[in-house]
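2 protein chains.
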Amino acid sequence: MMARISKSDFPVSQVRRYLEPGPIVLVSSRWQDKTNIMTLGWHTVLEFSPSLVGLMISAGNHSHQMIRESRECVINLPTTKLTDTVVGIGNISGAAIDKFERFGLTAEEASEVDAPLIGECHASFECRLHEDALVERYNFFIFEVVKAHVAPSPKHPETLHYTGDGVFMVSGQVISRRSLFRPEML
Amino acid sequence: MMARISKSDFPVSQVRRYLEPGPIVLVSSRWQDKTNIMTLGWHTVLEFSPSLVGLMISAGNHSHQMIRESRECVINLPTTKLTDTVVGIGNISGAAIDKFERFGLTAEEASEVDAPLIGECHASFECRLHEDALVERYNFFIFEVVKAHVAPSPKHPETLHYTGDGVFMVSGQVISRRSLFRPEML
């Protein structure tokens, strides 16, 4: 049994702290009373304020249409404790099953969107569709993060970074070079 | 003195292997006989074939205009051995200085683009601008990787993943779950 993780409000302008390192994320959605979760590694931060992130959500995923219709999602950050869950979610379509139930995850109410938070993740970012100009051609959605929830500790959780071919790199060890940065670059 | 790293041809359709984990990259460019390098963490893979990647290159960077004019760049992958170089490059503008000279880096000829490769990096991906629809509004460039060069070893080099605030996470340790993937998902 995985534990639910208690989270606190976090400034939306600082979500780069968790997303810029490039972790695998779990994207949750809700459309017409069905929820779904997908594993996603193709994303980037785009702006601090408004807090914009870009996600490539392939049209082959069941989540694609749900997110396109609802114009919302939640980006959840799993740690290495959820490795097998991440792999399981990525290997099965949500068309026929309830992934929250199948994988023993807790759907928690979000505050700004209808899509559910995943209780067992380290952080959850509530998102509203901001720009769909490249959705048709590239499946590229630009979302605004409208609310952020983050567990206060650990400060640098071990995250998964996918390389393809079933292999993840793990981040967690930290190097600080803060003293070498010009203040305005921090 | 940093060592130049010998690289081999690598399939462009598989650059996700190095970029999907979300490392900090060094983007090199050339325009009107000047070269430049910038540190960049806001990027995502977008497609296997053609091999598309999206980069958010802020308009405040000297490289922005050079890349916009030349419609080319090279995405280079530094390892932790280049940590201080990565920080140094990110902290100074290329408007007045030659960053290859300043940081003791080797500008090598690319084969498909005019922008130079960085000899000391683990991998270099030659890119041509593929889509500029979101450049004006979001500084978001979609490039096609037209040629890839990768060092044969180590297979999983230690890479830097920026969190903001002068702090990098390090990836290098690996978890394989290959046996749990459906073959078509690999």
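Protein sequences appear in the order of chains A and B.
Okay, so the first sequence: first residue is 31 according to this note's numbering, each after it adds one.
Okay, so the second sequence: first residue is 31 according to this note's numbering, each after it adds one.
Each residue gets a CB set at the ideal place from its N, CA and C atoms; glycine is no exception.
Selected residue, minimal CA-CA separation from residue i, among the options
| i | options | result |
| --- | --- | --- |
| Lys177 (chain B) | B:Phe198, B:Lys37, B:Met32 | B:Lys37 |
| Pro41 (chain B) | B:Gly118, B:Phe78, B:Pro187, B:Leu107 | B:Phe78 |
| Val175 (chain A) | A:Thr69, A:Asp39, A:Arg34, A:Ala33 | A:Asp39 |
| Arg98 (chain A) | A:Leu107, A:Gln203, A:Ile172 | A:Ile172 |
| Gly84 (chain B) | A:Pro108, A:Pro53, A:Ile122, A:His73 | A:His73 |
| Ser227 (chain A) | A:Ile122, A:Arg132, A:Ser123, A:Pro108 | What is shown of chain A runs 31 to 216, which leaves residue 227 (chain A) out entirely. |
| Ile205 (chain B) | B:Pro51, B:Asn121, B:Gly134 | B:Pro51 |
| Leu135 (chain B) | B:Ile127, B:Leu82, B:Gly149, B:Glu102 | B:Gly149 |
| Phe211 (chain A) | B:His94, B:Ile122, B:Ile35 | B:Ile122 |
| Asp63 (chain B) | B:Asp162, B:Asn106, B:Val180, B:Met96 | B:Met96 |
| Asn106 (chain A) | A:Ala33, A:Cys151, A:Arg46 | A:Cys151 |
| Ala33 (chain B) | B:Phe133, B:Leu49, B:His92, B:Gly71 | B:Phe133 |
Straight-line Cα distance separating residue j from residue i
| i | j | result |
| --- | --- | --- |
| Val55 (chain B) | Phe170 (chain A) | 21 Å |
| Ser88 (chain A) | Leu76 (chain B) | 9 Å |
| Lys129 (chain A) | Leu159 (chain A) | 23 Å |
| Val208 (chain B) | Gly118 (chain A) | The residue asked about is misnamed: residue 208 (chain B) is Arg in this sequence, not Val. Roughly 12 Å separates the two Cα atoms. |
| His191 (chain A) | Met199 (chain A) | 5 Å |
| His179 (chain A) | Ala137 (chain A) | 14 Å |
| Pro53 (chain A) | Arg101 (chain A) | 23 Å |
| His94 (chain B) | Gln203 (chain B) | 34 Å |
| Asp162 (chain B) | Ala125 (chain A) | 34 Å |
| Ile35 (chain B) | Ala181 (chain B) | 7 Å |
| Gly120 (chain B) | Glu131 (chain A) | 45 Å |
| Glu156 (chain B) | Cys103 (chain B) | 6 Å |
| Gln44 (chain B) | Met86 (chain B) | 21 Å |
| Ile127 (chain B) | Gly90 (chain A) | 47 Å |
Per-residue contacts from residue i into chain D (C-beta, under 9 Å)
| i | result |
| --- | --- |
| Thr74 (chain A) | This model lacks chain D altogether, as its protein chains are A and B. |
Runs of alpha helix (DSSP H) lying entirely within the region 115-162 of chain B, each at least 4 residues, in chain order: 129-132
Hey, is the region 192-204 of chain A in contact with the region 110-121 of chain B, meaning 3+ C-beta pairs nearer than 8 Å? The region 192-204 of chain A makes no contact with the region 110-121 of chain B; the number of CB pairs closer than 8 Å stays below 3.
Select from the region 98-129 of chain B all residues with a C-beta closer than 9 Å to any C-beta belonging to chain A, and list them in chain order. Thr110, Thr113, Asp114, Val116, Val117, Gly118, Gly120, Asn121, Ile122
For the region 207-215 of chain A against the region 67-82 of chain B, do three or more pairs of beta-carbon atoms, one drawn from each stretch, fall closer than 8 Å, so that the two count as touching? no
Please determine if the region 179-190 of chain A and the region 137-144 of chain B are in contact, where contact requires at least 3 C-beta pairs separated by less than 8 Å. Judged by Cβ distances under 8 Å, the region 179-190 of chain A makes no contact with the region 137-144 of chain B, as fewer than three pairs qualify.
Would you say the region 145-158 of chain A touches the region 44-60 of chain A, given that touching needs at least three Cβ pairs under 8 Å? yes
Against chain B: residues of the region 187-207 of chain A by CB proximity under 8 Å: Thr189, Leu190, His191, Tyr192, Thr193, Gly194, Asp195, Gly196, Val197, Phe198, Met199, Val200, Ser201, Gly202, Gln203, Val204, Ile205, Ser206, Arg207
Relative to chain B, which residues along the region 156-171 of chain A have a C-beta separation below 7 Å, given in chain order? Those would be Ala163, Leu164, Tyr168, Phe170, in chain order.
Residues within the region 53-71 of chain A neighbouring chain B, beta-carbon criterion of under 8 Å: Cβ contacts with chain B: Pro53, Gly71.
Suppose only complete runs of 3+ residues qualify. What are the beta strand (DSSP E) ranges in the region 62-125 of chain A, listed by chain order? The qualifying runs are 64-70, 73-77, 82-86, 102-107.
What are the start and end residues of each continuous beta strand (DSSP E) run of 3 or more residues lying completely inside the region 160-209 of chain A, in chain order? 170-180, 189-192, 197-206
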